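In the numbering used here, the protein residues as written are 7 to 252.
Positions of the beta carbon are idealized from the N, C-alpha and C atoms, including for glycine.
Note that the coordinates shown come from a computational prediction; the quantities given were computed from them, not determined experimentally.
Data block below; observations after.
Here's what the structure looks like:
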């Protein structure tokens, strides 16, 4: 049997819950053993639904212990049925309405559970999408820019452009900065905080540079995350200058 191909429009329709039942089932079966397809799907999810269904309820009220236990159990059960996850976790939302259980090996569901655990237990580094090699290779340059550049500035690294959005402090008083990295094939919005003199990524949302069908904005997810860490108001230019001083 030849391998079925799925175009970007089909993946986006699935992420938005608009794909018909037959195509959805075919895609889910393919996702069970096609990691590359799962990674393609991950960048097309609807971040608005992710915020509405997952982040906002967790921010608005304390997380019940039973929910924490249930999600952790879901991760453990998924882990017993699948290989160890890759270094870069790819997360995407569940279907908007529960479906009857089908006899399909849904190993691709584990990242969903993992992302939920990351949020409800306060684990940092909740990541959607993947940073490309060029972003990783520019880590030192990005860190240096975060150490010195004022908010509102653009810094160019080869074919990538870093825009510093704002500087603030979280509930623990740690200095944090929000920035956007624009690359030829993707945009990544990131929140990083300085710990022991080094910048640590707390949130990174990557969306493709798509033509035609534009993915939902990730800004709503960033705003929800900032609310969850009780981010303070953006620092003034003078406050920022002093905070960044060695």
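#1: Contact between the region 197-214 and the region 177-189: three or more CB pairs below 8 Å?
#2: Please identify the residue among 25, 21 and 29 whose C-alpha is closest to the C-alpha of residue 10.
#3: Assuming residue 174 and residue 241 are in contact, meaning their beta carbons sit under 8 Å apart, how far apart are those beta carbons, in whole angstroms?
#4: Kindly list the residues whose CB is nearer than 7 Å to the CB of residue 235, restricted to its own chain and excluding five residues on each side of it in sequence; keep chain order.
#5: Look up residue 176 in the DSSP assignment and say whether it is helix, strand or coil.
#6: Using three-state DSSP, classify residue 184 as helix, strand or coil.
#7: When burial is assigned at 16 or more other CB atoms within 10 Å of the CB, is residue 15 buried or exposed?
#8: How long is the line joining the alpha carbons of residue 43 and residue 35, rounded to whole angstroms?
#9: Thinking C-alpha only, which one of 158, 192 and 146 is nearest residue 165?
#10: I need the boundaries of the alpha helix (DSSP H) containing residue 227, first residue and last residue.
#11: Taking buried to mean at least 16 other C-beta atoms within 10 Å of its own C-beta, is residue 19 buried or exposed?
#12: Which first and last residues belong to the beta strand (DSSP E) in which residue 163 is found?
#13: What does DSSP give as the partner residues of residue 242 in its beta bridges?
#14: I'd like to confirm something about residue 191: is its beta-carbon nearer than 7 Å to some heavy atom of the ligand HEM, or not?
#15: What are the residues that DSSP puts in a beta bridge with residue 170?
#16: Roughly how many angstroms separate the alpha carbons of residue 152 and residue 31, rounded to a whole number?
#17: What number of angstroms, rounded off, separates the C-alpha of residue 157 from the C-alpha of residue 38?
#18: Alpha carbon to alpha carbon, what distance is there between residue 24 and residue 148?
With the structure as the only source:
#1: yes
#2: Taking only the C-alpha atoms, the option nearest residue 10 is 29.
#3: 6 Å
#4: Within the same chain, and ignoring the five residues on either side of residue 235 in sequence, the residues whose Cβ sits closer than 7 Å to its Cβ are 176 and 177.
#5: If DSSP states are grouped into helix, strand and coil, residue 176 belongs with coil.
#6: strand
#7: Answer is exposed; the Cβ neighbour count stays below 16.
#8: 11 Å
#9: 192
#10: 225-234
#11: buried
#12: First-last of the beta strand (DSSP E) with residue 163: 160-163.
#13: Per DSSP, none; premise fails for residue 242.
#14: As far as ligands go, the structure on display features none, and thus does not contain the ligand HEM.
#15: 185
#16: 45 Å
#17: 43 Å
#18: 38 Å
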